[in-house]
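Enquirer:
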């Protein structure tokens, strides 16, 4: 069976878009254009899905094609060549990609969401990263590297795990803390360390072969490390609320960061579950189980389980979309940062959606029987991928 057929019927790329009210904005036209681009790229993404699993990183042609199609511009400021789209519309595009290949969608989420952290940089640093348009950036927020003050910057030594897309991203980011002997230097006012993030070109790090997992294998989420790397001050960003953004990063999209990344992580789970439901429906239409004269499509239990799976996907999607709408409106109206209530609602939404998506996949597997355990069918990969995402720190 071809890689394309492993991921369901080809016409499912965007045939079932999230049920949200159409936004009467220019970015709605952009979202439609990008969804059409995803549909155009579907054969390429699907055909390279198996290769990504085998090589444990996204295939270069897929990453490059998504970049050429503008898919990495969705969270970038308009003033710096991006689309600066509403997060619900961004999630629609991410889900469309996740329905084809979860690893491709994960790289698409992470490498533009982390790039948005450039808004915390001094103006010179943001200008450098966005010099040729919106960059792609891989990175993680823990553990911090050791930082030693140097003339005009810092010497950084450390290792960063879970660097999704680090083989393809143009830049890497890493958390760091100034050291005082063997421990972090403490702020005399708070008694706590003052963490910060550093940005550096991918070629300045060593990527380690550490990504050996049950699922989400194609994300290339390997460790990378640097030793005594000099990072200038203009590529150093505080880990703190956004109070003095670089130009172009003043809008609400950047004041809800890092929730844009966390919403993206969750909508990948929703896309996996939606693809599993689509594939399950196709099996139920055609399959008559062994030792049984009644087709699955006519069995009440299969209908009940598939209906519950479909409902879980719809509920997961609607919940994260609504939470994103509320959070975006919160900061858009207030002109400030996210409220405590909005943060709580977002966290509850992403946890619920991840769990509901995993449950939907299990319900599909229960419905299709032994089809769920066969290599060459899409179900075993959906099961592995959605449960690996359940282990992510944000859930």
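Residue numbers (the working numbering): 50 to 444. By construction, the Cβ of each residue, glycine as well, lies at the ideal position given by its N, Cα and C atoms.
What residues in its chain sit with their C-beta under 7 Å from that of residue 286, if we drop five residues either side in the sequence?
Expert: As a position in the chain shown, residue 286 is number 237, starting the count at 1. Within the same chain, residue 286 has close Cβ partners 166, 169, 170, 245, 246.
Enquirer: Roughly how many angstroms separate the alpha carbons of residue 201 and residue 293, rounded to a whole number?
Expert: Within the chain shown, the letter at position 152 stands for residue 201. Within the chain shown, the letter at position 244 stands for residue 293. Looking at the two C-alpha atoms, the distance is approximately 21 Å.
Enquirer: With three or more C-beta pairs closer than 8 Å as the rule, is the region 275–286 touching the region 409–418?
Expert: Verdict: no, contact absent.
Enquirer: Given a cut-off of 9 Å on the beta-carbon distance, is the pair residue 137 and residue 373 in contact?
Expert: By one-based count along the chain shown, residue 137 stands at place 88. By one-based count along the chain shown, residue 373 stands at place 324. Going by C-beta atoms, residue 137 is nearer than 9 Å to residue 373.
Enquirer: Once DSSP output is grouped into helix, strand and coil, what is the label at residue 272?
Expert: Reading the chain shown from its first residue, position 223 is the one you call residue 272. Three-state DSSP puts residue 272 in a strand.
Enquirer: When you compare only the Cα positions, how much space is there between residue 51 and residue 96?
Expert: For the purposes of this step, residue 51 is taken as residue 2 along the chain shown, with counting starting at 1. For the purposes of this step, residue 96 is taken as residue 47 along the chain shown, with counting starting at 1. Here the model assigns residue 51 a pLDDT of 34, short of 50, so the residue's position is not dependable, and the following value carries that caveat. Going by the C-alpha atoms only, they are around 7 Å apart.
Enquirer: Straight-line CA distance for residue 154 to residue 111?
Expert: Here the question's residue 154 lines up with position 105 in the chain shown. Here the question's residue 111 lines up with position 62 in the chain shown. Straight-line Cα distance between these residues: approximately 11 Å.
Enquirer: Cα separation between residue 158 and residue 314?
Expert: Reading the chain shown from its first residue, position 109 is the one you call residue 158. Reading the chain shown from its first residue, position 265 is the one you call residue 314. Rounded to whole angstroms, residue 158 to residue 314 spans 7 Å at the Cα level.
Enquirer: The alpha helix (DSSP H) with residue 110 in it runs from where to where?
Expert: As a position in the chain shown, residue 110 is number 61, starting the count at 1. Here the alpha helix (DSSP H) through residue 110 covers 109–117.
Enquirer: Using three-state DSSP, classify residue 245 as helix, strand or coil.
Expert: Residue 245 sits at position 196 when you count from the first residue of the chain shown. Residue 245: strand per DSSP, three-state reduction.
Enquirer: Cα separation between residue 330 and residue 355?
Expert: Residue 330 sits at position 281 when you count from the first residue of the chain shown. Residue 355 sits at position 306 when you count from the first residue of the chain shown. Near 8 Å, if we compare the C-alpha coordinates of residue 355 and residue 330.
Enquirer: Check for me: the beta strand (DSSP E) holding residue 211 runs from which residue to which?
Expert: The count along the chain shown starts at 1 and reaches residue 211 at position 162. Where residue 211 is concerned, the enclosing beta strand (DSSP E) stretches over 202–212.
Enquirer: Report all residues from its chain with a CB closer than 7 Å to the CB of residue 256; omit the five preceding and five following residues, and keep chain order.
Expert: Walking along the chain shown from the start, residue 256 turns up at place 207. Same-chain partners within the cutoff: 215, 216, 271, 273.
Enquirer: Within a Cβ cutoff of 7 Å, which residues of the same chain sit near residue 441, ignoring the five residues on either side of it in sequence?
Expert: Along the chain shown, read from residue 1 onward, the residue named residue 441 stands at position 392. Taken in chain order, the residues that qualify are 314.
Enquirer: If you follow the alpha helix (DSSP H) that residue 221 is in, where does it begin and where does it stop?
Expert: Counted from its first residue, the chain shown places residue 221 at position 172. Not the alpha helix (DSSP H): residue 221 falls in the beta strand (DSSP E), residues 220–229.
Enquirer: For residue 189, collect the residues of the same chain with a Cβ closer than 7 Å to its Cβ; drop the 5 residues on either side in sequence, then sort them by chain order.
Expert: One-based indexing of the chain shown puts residue 189 at position 140. If we look at residue 189 and ignore the five residues flanking it on each side, its Cβ neighbours are 209, 210, 211, 212.
Enquirer: What whole-angstrom Cβ distance do residue 444 and residue 375 have, given they're in contact under 8 Å?
Expert: In the chain shown, counting from the first residue as 1, residue 444 sits at position 395. In the chain shown, counting from the first residue as 1, residue 375 sits at position 326. At roughly 20 Å, the Cβ-Cβ gap does not stay under 8 Å, so residue 444 and residue 375 are not in contact.
Enquirer: Kindly provide the ranges of any beta strand (DSSP E) runs that are 3 or more residues long and lie completely inside the region 117–145, ordered along the chain.
Expert: The qualifying runs do not exist here; there are none.
Enquirer: Kindly indicate which three-state DSSP category residue 445 falls into: helix, strand or coil?
Expert: Nothing can be reported for residue 445: it is not among the residues displayed for the chain, which extend from 50 to 444.
Enquirer: Which residue wins for smallest C-alpha separation from residue 275, given the options 254, 395, 197?
Expert: What you label residue 275 is simply residue 226 of the chain shown in a count that begins at 1. Among 254, 395, 197, the Cα nearest to that of residue 275 is on 254.
Enquirer: On a Cα-Cα basis, can you pick out the residue from 129, 142, 101 that is closest to residue 77?
Expert: Within the chain shown, the letter at position 28 stands for residue 77. Selected option, being the one with the closest Cα: 142.
Enquirer: So, at 7 Å on beta carbons, what are the nonlocal neighbours of residue 380 in its own chain, with the 5 sequence-adjacent residues on each side left out?
Expert: As a working note, residue 380 is residue 331 in the chain shown. Cβ within range, chain order: 301, 304, 305, 386, 387.
Enquirer: In whole angstroms, give me the CA-to-CA distance for residue 33 and residue 345.
Expert: The chain is shown only over 50 to 444; residue 33 falls outside these bounds and no answer can be derived.
Enquirer: Taking the Cβ atom as the reference point for each residue, do residue 116 and residue 107 lie within a distance shorter than 9 Å?
Expert: On the chain shown, position 67 is the one that residue 116 refers to. On the chain shown, position 58 is the one that residue 107 refers to. Going by C-beta atoms, residue 116 is not nearer than 9 Å to residue 107.
Enquirer: Pairing CB atoms from the region 184–198 with CB atoms from the region 216–225, are three or more of them under 8 Å?
Expert: The region 184–198 vs the region 216–225: in contact.
Enquirer: May I ask you to report which of helix, strand or coil DSSP gives residue 388?
Expert: Taking the first residue of the chain shown as 1, we reach residue 388 at position 339. Three-state DSSP puts residue 388 in coil, outside helix and strand.
Enquirer: Tell me whether the beta-carbon of residue 156 lies closer than 9 Å to the beta-carbon of residue 309.
Expert: Residue 156 sits at position 107 when you count from the first residue of the chain shown. Residue 309 sits at position 260 when you count from the first residue of the chain shown. No, Cβ-Cβ distance for residue 156 and residue 309 is not below 9 Å.
Enquirer: Residue 316 and residue 369 look like a contact to me (Cβ under 8 Å); what is the Cβ gap, rounded to whole Å?
Expert: As a working mapping, residue 316 is identified with position 267 in the chain shown. As a working mapping, residue 369 is identified with position 320 in the chain shown. The Cβ separation is near 6 Å, so the contact holds.
Enquirer: Taking only the alpha-carbon atoms, compute the straight-line gap between residue 290 and residue 339 and give it to the nearest angstrom.
Expert: Start at 1 with the first residue of the chain shown, and residue 290 comes out as number 241. Start at 1 with the first residue of the chain shown, and residue 339 comes out as number 290. The alpha-carbon atoms of residue 290 and residue 339 are separated by roughly 59 Å.
Enquirer: For residue 207, count neighbouring C-beta atoms within 10 Å of its own C-beta (all shown protein chains included) and say buried if the count is 16 or more, exposed if not.
Expert: Along the chain shown, read from residue 1 onward, the residue named residue 207 stands at position 158. That one is buried.
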